[in-house]
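Going by numbering that gives the first Met the number 0, the sequence shown wraps up at 246, each residue one higher than the last. Idealized CB from N, CA, C, for every residue including glycine. What follows is a short report on a single structure.
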Amino acid sequence: MVLGPHSEGLPQWLDLEPEILSQISCRPGGQRCLSGGGELLLVVHEVPEPKVPERAARFFIRREEGEWDDGEGHGLEALGRLLDRYQETIDRYEASIDELDTAAEVFAMIRHAGPIARTLRNLTVALRSAVDLAREDRQLIELRDRASDILRAAEILYHDAKLTLDFWQAESAEEHQEAAERLNVIAYRLNLLAGFFLPLVAMGGLLGMNVNIPDVFRNLFWGILAMGMLAGVGLLIFAGWNLNKKS
Numbered sequence: 000m001v002l003g004p005h006s007e008g009l010p011q012w013l014d015l016e017p018e019i020l021s022q023i024s025c026r027p028g029g030q031r032c033l034s035g036g037g038e039l040l041l042v043v044h045e046v047p048e049p050k051v052p053e054r055a056a057r058f059f060i061r062r063e064e065g066e067w068d069d070g071e072g073h074g075l076e077a078l079g080r081l082l083d084r085y086q087e088t089i090d091r092y093e094a095s096i097d098e099l100d101t102a103a104e105v106f107a108m109i110r111h112a113g114p115i116a117r118t119l120r121n122l123t124v125a126l127r128s129a130v131d132l133a134r135e136d137r138q139l140i141e142l143r144d145r146a147s148d149i150l151r152a153a154e155i156l157y158h159d160a161k162l163t164l165d166f167w168q169a170e171s172a173e174e175h176q177e178a179a180e181r182l183n184v185i186a187y188r189l190n191l192l193a194g195f196f197l198p199l200v201a202m203g204g205l206l207g208m209n210v211n212i213p214d215v216f217r218n219l220f221w222g223i224l225a226m227g228m229l230a231g232v233g234l235l236i237f238a239g240w241n242l243n244k245k246s
């Protein structure tokens, strides 16, 4: 078994059957399971790093005799440790989701939880394909079921983080609405006061001009004040009647 010329860039320890070589290029590509010549090649990805689009690939090959090789002599135990890293990342986020203080922190979690869930989904599909080709491999079956459980936890984490952000947005919108309503009440009261004093201000401005005022108005201060207040009350009643009519 010899690597072909198109396999440059793959790990040097891989020695693949020609049937598998014809299905793979020099790039690892997506997570999948390839078979040929009695062997299985399982390509999976490491836990995604935040804000890093590239994925680090891990290779596991099942030889004809049924033994798994990961290039380091650990076999499927290395795949189990990979699932441990996924689980630890999810557990760390789940423990901290209630302690987040800002929307930016929740958004950062969502940006990372999304790729984790997608990667786990594809990893689970690859493991299911591998189990279909090696149904007698109990260790592989256990890893497939475990990956499904971790995938469910990752999806729950992603949806919980999104719900948290949506709740904060709704709560913030309610607070802004309440503040706007309080400002409207204050503005309405100020307008009432302005309307009440408008006739007095107008009459005071008119009578306070440096013009000759007839003697008949000079001794009618209290009467003019009462007239202005009555006019203000009339304006308030008229404004309130129009407001109730429109509502």
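- Rounded to the nearest whole angstrom, the C-alpha separation of residue 124 and residue 15 is 22 Å.
- Looking from the CA of residue 43, the closest CA among 129, 113, 112 belongs to 129.
- Nearest C-alpha to residue 9 among 36, 98, 56: 56.
- With respect to residue 121, residue 22 sits apart: the two C-beta atoms are not nearer than 8 Å.
- Under the 8 Å Cβ criterion, the segment 30-39 does not count as touching the segment 80-100, having fewer than three qualifying pairs.
- When DSSP assignments are scanned along the segment 13-45, the uninterrupted stretches of alpha helix (DSSP H) that are 4 or more residues long and fall wholly within it turn out to be 17-20.
- Take the alpha-carbon of residue 65 and the one of residue 48: they are about 33 Å apart.
- Counting along the chain, residue 62 sits inside no beta strand (DSSP E), nor does DSSP assign it H or E at all.
- Under DSSP, residue 56 takes part in a beta bridge, and its partners are 44.
- Excluding its 5 nearest sequence neighbours in each direction, residue 62 has C-beta neighbours in its own chain below 7 Å: 38, 68, listed in chain order.
- If you look at residue 97, you'll find it isn't in any alpha helix (DSSP H); DSSP assigns it neither H nor E.
- Taking 8 Å as the cut-off, the Cβ atoms of residue 161 and residue 109 count as close.
- The DSSP-derived three-state label of residue 73 is coil.
- Between residue 72 and residue 142, the gap from beta carbon to beta carbon reaches 8 Å or more.
- When the Cα atoms are used, residue 70 and residue 13 turn out to be separated by approximately 8 Å.
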